Amino acid sequence: MLKRIALFMVSLCFVASVLQAQDSSAGVTKGAIVATIKVVMGNVKVLPNGEKKKIDAKETMLLSPGDVVETSGKSYATLIMANGAQIKINEKTKMNIEMPVGSEEAGSRVNVKVGQIWAKIISGRQFYVKTPTAVCSIRGTELDVKVDESGQSEVMVFEGIVEVKNDYGVVQVNKEEKTVLKPNVAPQAPVMVDVTKVEKWQEVIVSKEEKKEEKKVEKKKEEKAKEEKKEEKKEKKEEVKKEKTAEVPTEVPQEVIPEPIQPVVPEASPSVPR
Numbered sequence: 002m003l004k005r006i007a008l009f010m011v012s013l014c015f016v017a018s019v020l021q022a023q024d025s026s027a028g029v030t031k032g033a034i035v036a037t038i039k040v041v042m043g044n045v046k047v048l049p050n051g052e053k054k055k056i057d058a059k060e061t062m063l064l065s066p067g068d069v070v071e072t073s074g075k076s077y078a079t080l081i082m083a084n085g086a087q088i089k090i091n092e093k094t095k096m097n098i099e100m101p102v103g104s105e106e107a108g109s110r111v112n113v114k115v116g117q118i119w120a121k122i123i124s125g126r127q128f129y130v131k132t133p134t135a136v137c138s139i140r141g142t143e144l145d146v147k148v149d150e151s152g153q154s155e156v157m158v159f160e161g162i163v164e165v166k167n168d169y170g171v172v173q174v175n176k177e178e179k180t181v182l183k184p185n186v187a188p189q190a191p192v193m194v195d196v197t198k199v200e201k202w203q204e205v206i207v208s209k210e211e212k213k214e215e216k217k218v219e220k221k222k223e224e225k226a227k228e229e230k231k232e233e234k235k236e237k238k239e240e241v242k243k244e245k246t247a248e249v250p251t252e253v254p255q256e257v258i259p260e261p262i263q264p265v266v267p268e269a270s271p272s273v274p275r
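If you count by this note's numbering, then the sequence shown holds residues 2 to 275, one letter each, in order.
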């Protein structure tokens, strides 16, 4: 009896290890930490893997494969992935954190269901962004991915090179180019983009620390402006003072006119009686 129980326990452990191996990739299990929420602005929710109830996202919250991040209108978030990638999530976006495949690093794959993200990847690190109509293979770059309700995707590259593919074709998108992918068709040929005219929505997403630094910088600017105004007023006063001094006529000393020399009148000699 004891032998049967022992054999059953060994078999159970073996099955559990197999299941765990099936749920793992590159040593990453479903419960592993693959991302951290750095910034939360507005109404941001997280649906943990396997759960039915969403919870409020909070800064420093840890995320695992299978977790879903959702932002409402005028709400944003920033994630730092385990491989160092930075992901900024725009409003009205739904994004899944996926399991890495094969030998991929932890935190190297996300799936944008709808909405928009901006991603900055560390040079030399591989990263994948999946959408309903595309898979973007990224290595050390900066890009923007937008997905509308129909599943149409737009991939814009600011720095580096991105390979974008689906079941119908593949294109290479270079710096300052973009491609559009519609459902059931090959990716469109990349076109040039004037990135200086592209909305920098990701710049509104800043952490509390960054906000504090911005306030410090603004305060220093204000103090500097006040000092400059004081100096300006002081200089104006000095100029007005100089102008007034210049207007006052100076007293010119009267010219000393020498008195005329009077001729010497000889004295009359005394008369001699005759």
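Beta carbons: idealized from backbone N, C-alpha and C, even for Gly. The structure displayed is predicted, hence computed values, not measured ones.
With respect to the 9 Å criterion, K95 and V115 are classified as neighbours on the basis of their beta carbons.
In this structure, V70 lies near I98, with their beta-carbon atoms less than 9 Å apart. The beta-bridge partner set that DSSP reports for T180 consists of V156. Cβ contact annotation for N50 (same chain, cutoff 7 Å, sequence separation greater than five): K31, S65, P66, G67, D68, in chain order. Only residues of its own chain outside the window of five on either side were considered, and among them I38, V41, V45, K46, V47, V70, A78 have a CB closer than 8 Å to the CB of A58, listed in chain order. Distances from the alpha-carbon of R126 to those of I162, G170, E60 put I162 closest. For the stretch 36-71, the full-length beta strand (DSSP E) segments reaching 3 residues or more read 36-42, 45-48 along the chain.
For K89, the enclosing beta strand (DSSP E) has its first and last residue at 87-90. Taking the Cα of K121 as reference, the smallest distance to any Cα among A33, E229, Q203 is reached at Q203. Taking C-beta atoms as the reference points, Q117 and I90 count as a pair closer than 9 Å. N84 is a Cβ neighbour of E106, given a cutoff of 9 Å.
Within the same chain, and ignoring the five residues on either side of E178 in sequence, the residues whose Cβ sits closer than 8 Å to its Cβ are M157, V158, P191, V192, M193, V194.
Residue range 127-132 is occupied by the beta strand (DSSP E) that includes Y129.
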